[in-house]
Amino acid sequence: MRCYLFLALLITSFSAHALQSIRVGSQVLVVGDSAARVKGLLGEPSVHSKASNPGKSKKGKTKAKSSGHSEGKSASVKDKGEKWQYQREGRITTFTIVGGKIAHIEDVAR
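Residue numbers (mature numbering (1 follows the signal peptide of the UniProt record, and there is no 0)): -18 to -1, 1 to 92.
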C-alpha cells in the first residue's frame, strides 16, 4: 500500500514540475534557467517590462497589507523582476526574470 502511495506522490510531483517548463523546438526551458538561455532560444522579447510591485507606493514606502489576504510564493515572484513576453505559434509566453534567471513561466493561447 505504501508503494502505491509513494508512486502516486511521485507522479504528482512530476506533473507539478512540468507546469513550470516550456518546450522550444527540441529544447526545454525550465524555471531556474538563465535569461541568456531564453534569449538564445527565442531571441529578443516582443514586450520587455519591469514587473509591478503592488506593495510599494510611489514614494517607495510599503503599503500595509490587509489582514485577510495572504499572497502565495508564486504571486510574490510574479510581482518582482522583469517580464519578457514572446508571441509564438498562436500562444503568448511570458517569462518573469528575477536575478538573471527564470522565476515563473506563463503560457496562454491567444
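Glycine included, C-beta positions come from ideal geometry on N, C-alpha and C.
- The region 59 to 73 and the region -18 to -11 do not touch, with fewer than three beta-carbon pairs separated by less than 8 Å.
- Residue environment for Val90: exposed (fewer than 16 other C-beta atoms within 10 angstroms of its C-beta).
- According to the DSSP secondary-structure assignment, Lys83 is paired through a beta bridge with Ser16, Val80.
- Counting only the Cα atoms, Ser8 lies some 17 Å from Thr75.
- If you check the CB distance, Ser16 and Lys83 come in under 9 Å.
- Secondary structure note for Arg5: its beta strand (DSSP E) is the uninterrupted segment 3 to 6.
- Secondary structure note for Arg70: its beta strand (DSSP E) is the uninterrupted segment 64 to 70.
- Straight across, the Cα-Cα distance linking Glu26 with Glu71 is about 16 Å.
- Taking the Cα of Leu23 as reference, the smallest distance to any Cα among Lys32, Ser31, Val12 is reached at Val12.
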